[in-house]
Amino acid sequence: MSALTLTKIRLFEGTWEGALTYTGDAGPTPEVEVTYLGEAVEGVSVQPAEAANTWQLKFPIPSESLSDGVQTIVITDRTTGDRLDAVSFIAGEALADDLRAEIDLLRAELDMLKRAFRRHCVETM
Numbered sequence: 477m478s479a480l481t482l483t484k485i486r487l488f489e490g491t492w493e494g495a496l497t498y499t500g501d502a503g504p505t506p507e508v509e510v511t512y513l514g515e516a517v518e519g520v521s522v523q524p525a526e527a528a529n530t531w532q533l534k535f536p537i538p539s540e541s542l543s544d545g546v547q548t549i550v551i552t553d554r555t556t557g558d559r560l561d562a563v564s565f566i567a568g569e570a571l572a573d574d575l576r577a578e579i580d581l582l583r584a585e586l587d588m589l590k591r592a593f594r595r596h597c598v599e600t601m
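Heads up: the sequence shown runs through residues 477 to 601, numbered per our numbering.
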C-alpha cells in the first residue's frame, strides 16, 4: 500500500485545512482521526480534491484547546496508526513569561555587544 502524506494548507477562521496525498499508487479514501487530549475532534471532513490521489482534510479547532499553555491536536492515519501531523498552540501566561524572558536575555546580550563595540572603537582610534 502507498504511504499517505499530509500537507498543511492553512488555518483560517478556526478551521484547519490540509491535503492528504498517496505517494506512489492510488489508495482508498483516507481514514483520518483527529484527537485533542485523547478525545476525537468533531466535524472532521475528508473530501476528494481536484488533483488526482488527493483529498482535502478539514476540521474545526476545538474551542477548549484554546487555553493557557501548550495545546496539541494530533492527526493520525486510522488504517496504519501513523501520526501524520500535529497542530500546536501556545497561549496565555506561559507564552507571555517565556517571551519576556527571551526579550530580556536578548536586551542583555545587545547591551554587552554595544559596550564591547564602543570599547573597541575607543581603543582603535
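Beta carbons are placed, not taken as given, at the ideal position from N, Cα and C, and that holds for glycine. Remember, it's a predicted structure, so these values are computed and weren't measured experimentally.
For glutamate 493, DSSP records a beta bridge to Arg486, Lys534.
Note on valine 508: 16 or more other CB atoms within 10 angstroms of its CB, so buried under the neighbour-count rule. The DSSP-derived three-state label of serine 543 is coil. Within its own chain, the residues whose Cβ lies closer than 6 Å to the Cβ of alanine 562, once the five positions on either side in sequence are excluded, are Thr548, Val550, listed in chain order.
Taking a C-beta distance under 9 Å as the contact criterion, valine 510 and threonine 552 qualify as a contact pair. For alanine 567, the enclosing beta strand (DSSP E) starts and ends at 559-567. With respect to the C-alpha of leucine 496, the residue from Ala516, Val517, Ala525 having the closest C-alpha is Ala525.
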